[in-house]
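Asker:
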Amino acid sequence: METPPPRTARRKTKQHAGEEDSAEPLIDTTQALTLRSKRTERRLKKVKKKEPSVSGSGTPFLDLPYELLVPILSQLRPSDLFVLSQVCKPLRNFIQHEGARLSETIISRRYACLAKCFLLPVPLQALCPNQRTALIQRNAATCGHTQPQNIPQHDRNLVCSCLSCALRWNCLCLVVDFAYWQDNLDKGQPIPMVARGSNCVPWNTRLLARNAAMVTKCLASPLWYARVLEAHLDSTIRSILRHSQNKGNRRSRFRMTTADVAAGTDEFLERSGPPSAYVPYHRDNYYLLEAFLPNRSWIKEKQGWIYLRAEQHDKDLDIIVRFYTPLPLSTQEGI
Numbered sequence: 059m060e061t062p063p064p065r066t067a068r069r070k071t072k073q074h075a076g077e078e079d080s081a082e083p084l085i086d087t088t089q090a091l092t093l094r095s096k097r098t099e100r101r102l103k104k105v106k107k108k109e110p111s112v113s114g115s116g117t118p119f120l121d122l123p124y125e126l127l128v129p130i131l132s133q134l135r136p137s138d139l140f141v142l143s144q145v146c147k148p149l150r151n152f153i154q155h156e157g158a159r160l161s162e163t164i165i166s167r168r169y170a171c172l173a174k175c176f177l178l179p180v181p182l183q184a185l186c187p188n189q190r191t192a193l194i195q196r197n198a199a200t201c202g203h204t205q206p207q208n209i210p211q212h213d214r215n216l217v218c219s220c221l222s223c224a225l226r227w228n229c230l231c232l233v234v235d236f237a238y239w240q241d242n243l244d245k246g247q248p249i250p251m252v253a254r255g256s257n258c259v260p261w262n263t264r265l266l267a268r269n270a271a272m273v274t275k276c277l278a279s280p281l282w283y284a285r286v287l288e289a290h291l292d293s294t295i296r297s298i299l300r301h302s303q304n305k306g307n308r309r310s311r312f313r314m315t316t317a318d319v320a321a322g323t324d325e326f327l328e329r330s331g332p333p334s335a336y337v338p339y340h341r342d343n344y345y346l347l348e349a350f351l352p353n354r355s356w357i358k359e360k361q362g363w364i365y366l367r368a369e370q371h372d373k374d375l376d377i378i379v380r381f382y383t384p385l386p387l388s389t390q391e392g393i
């Protein structure tokens, strides 16, 4: 049997070299192997735990221009702003930083009438030293005054205690307390009463402390002040609706339409209506109370309401300073 001749090496010619050069390039199709070991899975879990959380980082709403963002937020109610501030920390910081401007716009649009009826008491720090000294002398002379059972005593170290500021504090506390009992009034459930002389009832003490804390917040936060005005507008609307359903109650009341309720403003309270300056110093008066709007009076000749000016606080302080400022030592010796 003949053995085949040995293969001779094929000599590479120019033609074969050209064919190899014109061939398509190789594509790397290698893929990473799937890791399925338990050790690898444990390491991947540890790495995943160390990765920073991205929840709450996306706030495209805050990317809007300032000129658009503030007018948009100004269309909301104060209660909506408090809810919105709980969405994320950047949004909460923005609302708190712009709270004064937002509340000013909201109050002028929605609660212009209520803001003139319920002025804020002046903080004691805003007074000059001689005014504070005169107030201390006056407070010592009137320390025996008792508060109604539905109004907490204001802190005389925090709030001015002149007559105007005392009335402002009382009215704001009544607004908060009246709003608290609206569900009872709507359902026809009686409001618990405190016996005369029993000022240390636990539930009433807690409620008065809550009301005082809420009014105190209004002194530091304009948004809280706007929130209290919103609550009183809601209480007034519910009271008018509640009494209008009582066919036996033929008393005159403010004209309020469905559009007024849907608007969410107090514009309808600027119309002519019954006297609204009665101060309910007892919760028993809540049942017949419709519109509690103090510090204003209807002038028939002008066919409009006039409001008590904020400058009355300065006049009351001048009287206190005049009567309770200690005389200089040289003047006393001359006497």
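Under our numbering, think of the first position of the sequence shown as 59, with each following residue one higher. Virtual Cβ for every residue (Gly too), placed ideally from N, Cα, C.
In whole angstroms, what separates the C-alpha of residue 322 from that of residue 168?
Answerer: Here the question's residue 322 lines up with position 264 in the sequence shown. Here the question's residue 168 lines up with position 110 in the sequence shown. Using only the alpha carbons, I get a separation of about 7 Å.
Asker: Which residue wins for smallest C-alpha separation from residue 118, given the options 135, 136 and 145?
Answerer: Here residue 118 refers to the residue found at position 60 when the sequence shown is read from its first residue. Its Cα nearest to that of residue 118, the residue 145 stands out among 135, 136 and 145.
Asker: State the Cα-Cα distance for the pair residue 348 and residue 203, rounded to the nearest angstrom.
Answerer: Start at 1 with the first residue of the sequence shown, and residue 348 comes out as number 290. Start at 1 with the first residue of the sequence shown, and residue 203 comes out as number 145. Each residue's alpha carbon lies about 29 Å from the other.
Asker: Is residue 307 a contact residue of the ligand SAM, with contact defined as CB to any heavy atom under 6 Å?
Answerer: Of the ligands one can find in the structure shown there are none, so the ligand SAM has no counterpart to examine.
Asker: Could you pull the DSSP bridge partners for residue 355 from this structure?
Answerer: Start at 1 with the first residue of the sequence shown, and residue 355 comes out as number 297. The partner list for residue 355 (beta bridge, DSSP) reads 364.
Asker: What is the rounded straight-line gap between the Cα of residue 337 and the Cα of residue 125?
Answerer: As a working mapping, residue 337 is identified with position 279 in the sequence shown. As a working mapping, residue 125 is identified with position 67 in the sequence shown. About 42 Å.
Asker: Does residue 217 come out as helix, strand or coil in the three-state DSSP assignment?
Answerer: As a position in the sequence shown, residue 217 is number 159, starting the count at 1. Correct three-state label for residue 217: strand.
Asker: Does DSSP put residue 136 in a helix, a strand or coil?
Answerer: Position 78 of the sequence shown, counted from the start, is the residue given in the question as residue 136. Residue 136: helix per DSSP, three-state reduction.
Asker: Exposed or buried, which one is residue 378 when buried takes at least 16 other CB atoms within 10 Å?
Answerer: Residue mapping note: residue 378 aligns to position 320 of the sequence shown, counting from 1. Under this definition residue 378 is a buried residue.
Asker: Return the Cβ separation of residue 231 and residue 269 in integer angstroms, given the expectation that the two are a contact with Cβ distance under 8 Å.
Answerer: Taking the first residue of the sequence shown as position 1, residue 231 is located at position 173. Taking the first residue of the sequence shown as position 1, residue 269 is located at position 211. Contact flag correct, Cβ pair sits at about 5 Å.
Asker: Using 10 angstroms around the beta-carbon of residue 363, count the other beta-carbons present and answer buried if the total reaches 16, otherwise exposed.
Answerer: Residue mapping note: residue 363 aligns to position 305 of the sequence shown, counting from 1. Per the 10 Å Cβ criterion, buried.
Asker: Beta-carbon within less than 8 Å of residue 244's beta-carbon, same chain only, minus the 5 sequence neighbours each way: which residues are those?
Answerer: Counted from its first residue, the sequence shown places residue 244 at position 186. Within the same chain, residue 244 has close Cβ partners 296 and 300.
Asker: Would you tell me roughly how many angstroms separate the C-alpha atoms of residue 197 and residue 382, rounded to the nearest one?
Answerer: Taking the first residue of the sequence shown as position 1, residue 197 is located at position 139. Taking the first residue of the sequence shown as position 1, residue 382 is located at position 324. Each residue's Cα considered, the two are about 10 Å apart.
Asker: Thinking C-alpha only, which one of 307, 88 and 227 is nearest residue 275?
Answerer: Here residue 275 refers to the residue found at position 217 of the sequence shown. Among 307, 88 and 227, the Cα nearest to that of residue 275 belongs to 227.
Asker: Who are the Cβ neighbours of residue 172 in its own chain at under 7 Å, not counting the five residues just before and after it?
Answerer: Walking along the sequence shown from the start, residue 172 turns up at place 114. Around residue 172: 287, 290, 291 and 324.
Asker: For residue 248, does the three-state DSSP call read helix, strand or coil?
Answerer: Translated into positions along the sequence shown, residue 248 becomes position 190. Note: residue 248 maps to coil in three-state DSSP.
Asker: Could you check the C-alpha separation between residue 143 and residue 153 for me, to the nearest Å?
Answerer: Numbered from its first residue, the sequence shown carries residue 143 at position 85. Numbered from its first residue, the sequence shown carries residue 153 at position 95. Going from the Cα of residue 143 to the Cα of residue 153 covers about 7 Å.
Asker: Do you know how far the Cα of residue 272 is from the Cα of residue 263?
Answerer: Position 205 of the sequence shown holds residue 263. Position 214 of the sequence shown holds residue 272. Between the alpha carbons of residue 263 and residue 272 lies a gap of roughly 14 Å.
Asker: If you draw a straight line from the C-alpha of residue 374 to the C-alpha of residue 293, how long is it?
Answerer: As a working mapping, residue 374 is identified with position 316 in the sequence shown. As a working mapping, residue 293 is identified with position 235 in the sequence shown. Roughly 31 Å separates the two Cα atoms.
Asker: Alpha carbon to alpha carbon, what distance is there between residue 175 and residue 313?
Answerer: Residue mapping note: residue 313 aligns to position 255 of the sequence shown, counting from 1. Residue mapping note: residue 175 aligns to position 117 of the sequence shown, counting from 1. Rounded to the nearest angstrom, the two C-alpha atoms are 19 Å apart.
Asker: Considering only C-alpha positions, which residue in the set 248, 183 and 179 is nearest to residue 221?
Answerer: Numbered from 1 along the sequence shown, position 163 holds the residue referred to as residue 221. The option with the nearest alpha carbon to residue 221 is 179.
Asker: Flag this pair as touching only if the region 180-195 and the region 239-253 have three or more C-beta atom pairs under 8 Å; answer yes or no.
Answerer: no
Asker: Starting from residue 293, trace the alpha helix (DSSP H) in both directions and tell me its first and last residue.
Answerer: Your numbering for residue 293 matches position 235 in the sequence shown. First-last of the alpha helix (DSSP H) with residue 293: 280-302.
Asker: Measuring CB to CB, does residue 335 end up less than 7 Å from residue 352?
Answerer: In the sequence shown, the residue the question calls residue 335 occupies position 277. In the sequence shown, the residue the question calls residue 352 occupies position 294. In this structure, residue 352 lies closer than 7 Å to residue 335 by Cβ.
Asker: Would you give the residue range spanned by the alpha helix (DSSP H) that residue 318 belongs to?
Answerer: Against the sequence shown, residue 318 aligns to sequence position 260. 316-321 is the extent of the alpha helix (DSSP H) around residue 318.
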